[in-house]
Amino acid sequence: MTQAVGIARAHTNIALIKYWGKRDKNLFLPMNSSLSLTLEAFYTDTKVTFDDHLTEDIFLLNGKEQSEKEVAKISRFLDLFCEYIGERPFARVESINFVPTAAGLASSASAFAALSLAVADALKLDMTRQELSTFARRGSGSSTRSLFGGFVEWEMGTSSEDSMAHPVDDADWDVGMLVLVVDSQEKKIASRIGMEHTVQTSPFYPAWIESAREDLQAMKAAIAEKDFETLGRITEHNGFKMHATTLSANPPFTYWSADSLLAQEAVRQVREELQVPAYMTMDAGPNVKVLCRASDMGRLQKALSAHFPVEKIISSLPGPAAYVLSEADWQQSKTRLTEGNHL
Ligand code: 2P0
Numbered sequence: 027m028t029q030a031v032g033i034a035r036a037h038t039n040i041a042l043i044k045y046w047g048k049r050d051k052n053l054f055l056p057m058n059s060s061l062s063l064t065l066e067a068f069y070t071d072t073k074v075t076f077d078d079h080l081t082e083d084i085f086l087l088n089g090k091e092q093s094e095k096e097v098a099k100i101s102r103f104l105d106l107f108c109e110y111i112g113e114r115p116f117a118r119v120e121s122i123n124f125v126p127t128a129a130g131l132a133s134s135a136s137a138f139a140a141l142s143l144a145v146a147d148a149l150k151l152d153m154t155r156q157e158l159s160t161f162a163r164r165g166s167g168s169s170t171r172s173l174f175g176g177f178v179e180w181e182m183g184t185s186s187e188d189s190m191a192h193p194v195d196d197a198d199w200d201v202g203m204l205v206l207v208v209d210s211q212e213k214k215i216a217s218r219i220g221m222e223h224t225v226q227t228s229p230f231y232p233a234w235i236e237s238a239r240e241d242l243q244a245m246k247a248a249i250a251e252k253d254f255e256t257l258g259r260i261t262e263h264n265g266f267k268m269h270a271t272t273l274s275a276n277p278p279f280t281y282w283s284a285d286s287l288l289a290q291e292a293v294r295q296v297r298e299e300l301q302v303p304a305y306m307t308m309d310a311g312p313n314v315k316v317l318c319r320a321s322d323m324g325r326l327q328k329a330l331s332a333h334f335p336v337e338k339i340i341s342s343l344p345g346p347a348a349y350v351l352s353e354a355d356w357q358q359s360k361t362r363l364t365e366g367n368h369l
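In short: position in the sequence shown from 1, add 26, done, that's our numbering.
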C-alpha cells in the first residue's frame, strides 16, 4: 500500500430505547439492547487516507487540526482495523460535521460510523455492515446504530463479535422528529462518565434494565404494526425512565436544565392544543427531541414557536444508512465547509 483512500457519510441517530450503561468498558458492550431512529438532517462526512509516507496519524475536524488528545482517540480506533488487517499504516482523517446552526447534538454517533465506513472502503475490507458495526461500537456505542437507516436495533449480544446493529424498518411511514435546541454548549457530564456513575450507584438501575428489555419488545411490535401512538408512548416513557436513573444516582445528577423543563412543558401544551401525537425524548444533554408524524411537523413547529425561538426548532425526516461518497462529493462538502454553512 502506498496510498489508500475511503470517503463516507453517516447520519446521526436518536435512541427511542436508550443505551445507558456498559457491561464492558473496553469493548463497549452495553447493559441493554437499544433502538434508534436515524435522522436525515444531521450527518458527518469523513475522508481517510492511509499513506505509507506519514509518520503519525493526523485528524482534521471542520478543517481544523485537532489536539493530541483527539488524535489519540482516532489512533486507538484505527488500531482496531489495523490489528484486523495485520499492518499499521498511518492515516490522515478529515471530518466535516453537517449539523444546522447551534444544534448542540452530539456527533460521536455519526462520526465513528462515517470513519468506520471510510476505513472499510479505503482498506477494501471484506465484511458485512453488521460486522462493521461491531468496529464502530468501539469508537462510541451509539455509532453502532448509525451504519443503518430508519429504525435500527443494537443488540447487546453475548460478546464483542455479536454486539451489533441491524435495521428494523426503513421508517418510511409518516415519521419525523423535531429537535428543540435548548442549549448548544457541550455537555458538562460526558455520557461515558454519567452512565458509569449511574450503573454503580443508582438503586433503580436493575429496574431500568428490566423495563428497557420489555420496552424494546413492545416497540418492535409497534413498529411492525406501524402503530405510531404506541411507538411514541414507549419512546417517551423509556427516555424519562433513563433520566430517572441519573436522578437516583448517588450523588444525583441530571442532564436537564431549567429551559429543558420549559421546552417539555411547551410540548405538552402544544400537543394538547393541536390534539396531535407528539412524544418527547432526551439524551445526555438539555435538548428536547420530539417524535411526531412527518405530516404534523409544520403545524407543531409553528405552534411551538409561540413558546420557543423558531430558529431553534429543527425538523428532520428519517435518514438513510451510511454510504460511500465519491471524491467529487467530498469536494462539494469541502466547498460547503469553506462557505461556512456546515455549522
Ligand atoms: C443513546 N446515549 O442510546 C444514549 C442515550 C445518550 C443517552 O449513546 O460511551 O456517546 O461513547 O459509548 O454513544 C451517548 O453515549 O457513549 C448515548 P459511549 P455514547 O443514544
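All C-beta atoms in this analysis are idealised placements derived from N, C-alpha and C, irrespective of residue type, glycine included.
- prompt: What are the start and end residues of the alpha helix (DSSP H) that includes Leu330?
  reply: Per DSSP, Leu330 belongs to the alpha helix (DSSP H) from Met323 to Leu330.
- prompt: Among Asp209, Ile260, Arg362 and Asn276, which residue has its Cα nearest to the Cα of Ile43?
  reply: Ranked by Cα distance from Ile43, the first of Asp209, Ile260, Arg362 and Asn276 is Ile260.
query: Which residue from Ser134, Ala117, Thr38 and Ser166 puts its Cα closest to that of Leu55?
result: Ser166
message: Measuring alpha carbon to alpha carbon, tell me which residue in Asp195, Leu242 and Gln156 is nearest Ser60.
response: It is Leu242 whose Cα lies nearest to the Cα of Ser60.
query: Which same chain residues, not among the five before or five after His333, have their C-beta less than 6 angstroms away from its C-beta?
result: Ala292
message: Considering Cα atoms alone, identify which of Thr271, Thr75 and Phe174 is closest to Ile40.
response: Phe174
query: Between the segment 158 to 172 and the segment 131 to 149, do three or more beta carbon pairs fall short of 8 angstroms?
result: yes
Candidates Tyr45, Ser134, Tyr231 and Glu353: closest to Glu181 by CA position: Distances from the CA of Glu181 to each of Tyr45, Ser134, Tyr231 and Glu353 were compared; the closest alpha carbon is that of Tyr45.
- prompt: In chain order, what residues of the same chain have a beta carbon less than 6 angstroms from the beta carbon of Ile84, not counting five sequence neighbours either side?
  reply: Arg118
query: Counting Cβ pairs, one atom from each stretch, are 3 or more of them under 8 angstroms apart for the segment 72 to 80 and the segment 109 to 118?
result: yes
- prompt: Closer than 7 angstroms: is that where the CB of Gly258 sits relative to any heavy atom of the ligand 2P0?
  reply: no
task: State buried or exposed for Glu120, treating a residue as buried only when at least 16 other CB atoms are found within 10 Å of its CB.
output: So Glu120 ends up on the buried side.
message: For the segment 27 to 35 against the segment 352 to 362, do three or more pairs of beta-carbon atoms, one drawn from each stretch, fall closer than 8 angstroms, so that the two count as touching?
response: yes
query: By DSSP, does Asp152 sit in helix, in strand, or in coil?
result: coil
query: What did DSSP end up calling Pro56 once you bin it into helix, strand or coil?
result: strand
query: Looking at Arg218 and the ligand 2P0, is the gap between the Cβ and the nearest heavy atom below 7 angstroms?
result: yes
query: Going by DSSP, which residues form a beta bridge with Asp77?
result: Gln29
message: Shorter than 7 angstroms, the distance from the beta carbon of Ala135 to the closest heavy atom of the ligand 2P0, or not?
response: yes
message: Using the Cβ count rule (16 or more neighbours within 10 Å means buried), how would you classify Val336?
response: Exposed is the call here.
query: How many Å lie between Ser159 and Arg362 at the Cα?
result: Computed Cα separation, rounded: 28 angstroms.
Identity of the residue in Leu143, Asp209 and Gln295 nearest Phe107 by Cα: Here the closest residue by C-alpha is Leu143.
query: Does the beta-carbon of Met153 have 16 or more other beta-carbons within 10 angstroms, so that it is buried, or is it exposed?
result: With fewer than 16 other beta carbons inside 10 angstroms of its own, Met153 counts as exposed.
message: Tell me the rounded alpha-carbon separation between Asn276 and Tyr110.
response: 40 angstroms
query: What first and last residue would you give for the beta strand (DSSP E) that runs through Lys338?
result: Where Lys338 is concerned, there is no enclosing beta strand (DSSP E), given that its DSSP letter is neither H nor E.
query: Alpha carbon to alpha carbon, what distance is there between Pro232 and Ser101?
result: 35 angstroms
message: Using 8 angstroms for Cβ pairs, my map puts Arg319 next to Gly202. What's the rounded Cβ distance?
response: Correct: roughly 7 angstroms between the Cβ atoms.
query: Thinking C-beta only, is Phe254 closer than 8 angstroms to Pro303?
result: yes
Beta-bridge partners of Asn123, as assigned by DSSP: Its beta-bridge partners are Thr70.
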